[in-house]
Every structure is written in structure tokens, then in C-alpha cells.
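**Q** Take a look at the following structure, please.
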Amino acid sequence: MKKQLIGAVVATAMFAAPLAATAATWMAYTFGPSENLANVQGMKRVMEDIEKNTGGEVKFRLRLAGSLPIQATDITQAVGNGTVRFADDGFYLGNVRIAGILRLPMLLRSQEDFDKAYAIMKPYVERDFGKQGVVVLGHFSFPHQVIFSARKLESLADIKGQKLRVSSPEQAAFVQRAGGIPVTLGGAEVPSALSAGTIDGALTASAGGGKIWGDMLKYNLRLPVNYFDGFYLVNKKAFEALSPEMQAKMRESVARQAPGTTAQIAKEEGEVTDALRQKGMVIVPSTPAMEQAATDLVSGYWEDWAREQGPEAVQALAEVRKALGR
């Protein structure tokens, strides 16, 4: 209820006019807290393409994570209730639970695995976003989430007792099973938490948190825990108020630009990791033995998670595991 009231107040303050099709500026929001991040740069390319492709009928004003009273985990709701009309959302799992299959620890081992799983999950995910009053226009993904820490972190055993920032309940389950203490935080909250010692480190990609928090961290264990992805979302009422031609043009723009976001993030992953190594960070490669030990630790959780979500999740997970042969 509190979140709904906050959203309503912010939405009222931002939009005196209804969500009608006009050549007005749409408020947009990103879960990225820095313009240096690839997903934020990708968001800008998407918006620029839409503005050009629609002949200026749809324009945007972008706000970074933390610049509005919207928690990272509330972005789906903020788009659905019109607080913002357009966003990229990587913290959607509280609203679209079945998509957690894409985040299960140690399930998806490669980009090929992720692509196979996403093809299966896409209809489920788009349907459940639709129930929240939003339309999915596109999708992008980060490389594997790995573990960074200010404390010694050279093996699975070193996770024990460490307070690690996670971005989903699925990551939290992995950290707990490894003996660590998971702490859920949005990206904008991480620097102050590291400074205060509230957390010791974080699960993130080098091209994500590693790029902007690297100076505060000393170790990077390259264990591929899980993937992180994001969606380009638009408020359903605002989108449907546009002409069919403008709707198609928005979809075209996102389809054209979204792959570039994934490609940029993938390119930066190696570059940022090398830069962190040169600055003195201890980079610990993953090994097949370490990955098998981590999988043994959490594989039982996959089915437990699915049963907790319900029969549909059990069915979807079975489809994904069959496609992966796992």
C-alpha cells in the first residue's frame, strides 16, 4: 500500500495531463545509477532512435536510478501506474516471478544457454508484465554475474561470513548456501553501503558494478553464478494511445537498438576486468571443479524454487532443462 501511495503521489506530481497521445515529453527511468554504464548508454540510443523514428511525436527525459523516489525493485510498478512512461528494468522479479528461471544460480552456463532459456520464457514473461500494465518492447542481457569483495575472496569457502549485495532472491539463495549473508540493494545504494561496511562486496558483472564500484573492491572471483538481464518497458495506456503506426515505429527502434546494448556490455566485460587487474584487483579465474562444486550446492534449489512458484513454473523449468539437457 505504501509503495502504491508513493507511486500515485509521484505520478500526480509529474503528469497533470492524462496519458494521451501527444507530442509531449515522456518521463523515462533507468535502473543504472551512472551515465558511464552500458545499459544507460543503450537506453539513450533507444530513446534517440524512437524520437527520430516517430518524427518527434515521442520524446523523453531520462532520469537515472536514485534521482526519483523509485526503488529499483519498483520500476515495473512505476511504469505500470504511469509514474514514468518508459524504463529499462532489471529488478523485475518481484513483479514477474516466473522470470526467476532466467536467474537461477548455476543453471545457465553460457550465452547460448541463456538464449535458449529466454526463447522458452519470453511468452510467460511478456504475459506477466502485461498484467502489471506494461508492454515489453525489448530485452538485453549482461554477462555472467560474478563475485566482487573488499575482503579475501579466492574460493567458494571464502564466501562464508561475507555480506554480499545481491540483485534477486535467486542470487540470495546461492550466497546463503555458500555460507554468506545476502543483502538486497539497488545499484544506487551500493557505494554508501560499501563505505559504511554494510556490505563487503557484490554479485555483479565487471561491465556493470565492477565498472563503477571497482575502486572500492579488492577481489573478483570469476565464478559464473547467473545471468542478469533487463527489459525495455512502456506504460500500456500511453503506448496504446499512440497510433498503430507510432507503436510499430517504437517497436522497430527498440528492436534495432537493444542488441547493441547486449553487445556493448559483452565487449566491456573483458575490457573492464583487464583494467581492474591492472589497477591491482586480485582476479581469481573460475575452474570446472569450482563450478561443479557450486552447482552441487544449489542444483536442488532449482526444483524447490519452481514448486514454490506453482505448477506453471515447474512446467516452464522442465522445458528449459530439457532444452539445455540439464
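Residue numbers (mature numbering (1 follows the signal peptide of the UniProt record, and there is no 0)): -23 to -1, 1 to 303.
Yeah, the Cβ is synthetic: ideal placement off N, Cα and C, and Gly gets one too.
1) Quick check on A184: buried or exposed, where buried means 16 or more other Cβ atoms within 10 Å of its Cβ?
2) Considering only residues of the same chain and omitting the five flanking positions on each side of S263, which have a CB-CB separation below 7 Å?
3) Please state whether DSSP places R142 in a helix, a strand or coil.
4) How should P100 be labelled, buried or exposed, when 16 other C-beta atoms within 10 angstroms of its C-beta is the threshold for buried?
5) Quick one: Cα of G186 to Cα of A295, how far?
6) Here's the rule I'm using: 16 or more other beta-carbon atoms within 10 Å means buried, otherwise exposed. How should G164 be labelled?
7) Who does Y6 pair with in a DSSP beta bridge?
8) Per DSSP, I260 is paired with what?
9) S169 lies in the alpha helix (DSSP H); which residues open and close that run?
10) In the DSSP assignment, find the unbroken alpha helix (DSSP H) run with T250 in it and report its ends.
11) CB-CB under 6 Å to S230, same chain, minus the five flanking residues each way: which ones, in chain order?
12) To the nearest angstrom, report how far apart P10 and L39 are at their CA atoms.
13) How would you write the range of the beta strand (DSSP E) that F119 sits in, first residue to last?
14) Distance check for N203 and R86, CA to CA, integer angstroms please.
15) Should L41 and V73 be called a contact, given that it needs their Cβ atoms to be closer than 8 Å?
16) Under three-state DSSP, which class holds A290?
17) I need the boundaries of the beta strand (DSSP E) containing P159, first residue and last residue.
**A** Reading from the atomic positions:
1) For the purposes of this step, residue 184 is identified with residue 207 of the sequence shown, where counting begins at 1. With 16 or more other Cβ atoms within 10 Å, it is buried.
2) Residue mapping note: residue 263 aligns to position 286 of the sequence shown, counting from 1. Contacts found: R199, L200, P201.
3) If you number the sequence shown from 1, residue 142 lands on position 165. In this structure, R142 counts as strand in the three-state DSSP scheme.
4) Within the sequence shown, residue 100 is the residue found at index 123, counting from 1. It is exposed - the Cβ of P100 has fewer than 16 other Cβ atoms within 10 Å.
5) Within the sequence shown, the letter at position 209 stands for residue 186. Within the sequence shown, the letter at position 318 stands for residue 295. Rounded to the nearest angstrom, the two C-alpha atoms are 32 Å apart.
6) Indexing the sequence shown from 1 puts residue 164 at position 187. Under a 10 Å Cβ-count criterion, G164 is classified as buried, with 16 or more other Cβ atoms of the shown protein chains found around its own Cβ.
7) Here residue 6 is taken as the residue at index 29 of the sequence shown, counted from 1. Note: Y6 sits in a beta bridge opposite R40, A64.
8) Reading the sequence shown from its first residue, position 283 is the one you call residue 260. DSSP output for I260 lists N197 as bridge partner(s).
9) As a working mapping, residue 169 is identified with position 192 in the sequence shown. That run of the alpha helix (DSSP H) goes 167 to 173.
10) What you label residue 250 is simply residue 273 of the sequence shown in a count that begins at 1. From DSSP, the alpha helix (DSSP H) with T250 extends over 221 to 255.
11) On the sequence shown, position 253 is the one that residue 230 refers to. D26, I27, N30, listed in sequence order.
12) Here residue 10 is taken as the residue at index 33 of the sequence shown, counted from 1. Here residue 39 is taken as the residue at index 62 of the sequence shown, counted from 1. In this structure, the CA atom of P10 is about 12 Å from the CA atom of L39.
13) The residue labelled residue 119 in the question sits at position 142 within the sequence shown. The continuous stretches of beta strand (DSSP E) do not include F119, and DSSP gives it neither H nor E.
14) Along the sequence shown, read from residue 1 onward, the residue named residue 86 stands at position 109. Along the sequence shown, read from residue 1 onward, the residue named residue 203 stands at position 226. The straight-line gap from Cα to Cα measures roughly 8 Å.
15) Position 64 of the sequence shown, counting from 1, holds the residue named residue 41. Position 96 of the sequence shown, counting from 1, holds the residue named residue 73. With contacts defined by Cβ atoms closer than 8 Å, L41 and V73 do not form a contacting pair.
16) Numbered from 1 along the sequence shown, position 313 holds the residue referred to as residue 290. Three-state DSSP puts A290 in a helix.
17) The sequence position of residue 159 within the sequence shown is 182, counting from 1. Counting along the chain, the unbroken beta strand (DSSP E) around P159 starts and ends at 158 to 161.
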